[in-house]
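Worksheet: one structure, shown below.
Residue numbers (full-length UniProt numbering): 1 to 63.
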């Protein structure tokens, strides 16, 4: 994850984050990810973004 200053257009910090989604032995198909206006895909992306925000707040900003 990168945090970029909109004023200077420069990266001000960078850290790694990752998220495990679903079952590696039986991953969802493309159709399953995209069904219902991509509800499953959106839920995976929301979970991943929340986990990255947690990493940023805990490890970088010490909150």
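Ideal Cβ positions, reconstructed from N, Cα and C, are used throughout, including at glycine. Treat the numbers as computed from the prediction; the structure is a model and nothing was measured.
Inter-residue spacing [alpha-carbon to alpha-carbon] between residue i and residue j
i          : j          : result
residue 36 : residue 12 : 38 Å
residue 7  : residue 24 : 41 Å
residue 41 : residue 53 : 18 Å
residue 18 : residue 58 : 14 Å
residue 16 : residue 4  : 15 Å
residue 26 : residue 14 : 32 Å
residue 47 : residue 60 : 19 Å
heavy atom of the ligand NAD below 7 Å from residue i C-beta
i          : result
residue 36 : Questions concerning the ligand NAD fall outside what the structure shown contains, since it holds no ligand whatsoever.
Cβ pair residue i, residue j closer than 8 Å
i         : j          : result
residue 9 : residue 44 : no
Discussion item. Please give me, in chain order, every unbroken run of the beta strand (DSSP E) with length at least 3 that falls completely inside the segment 6-61.
Written reply: 11-14
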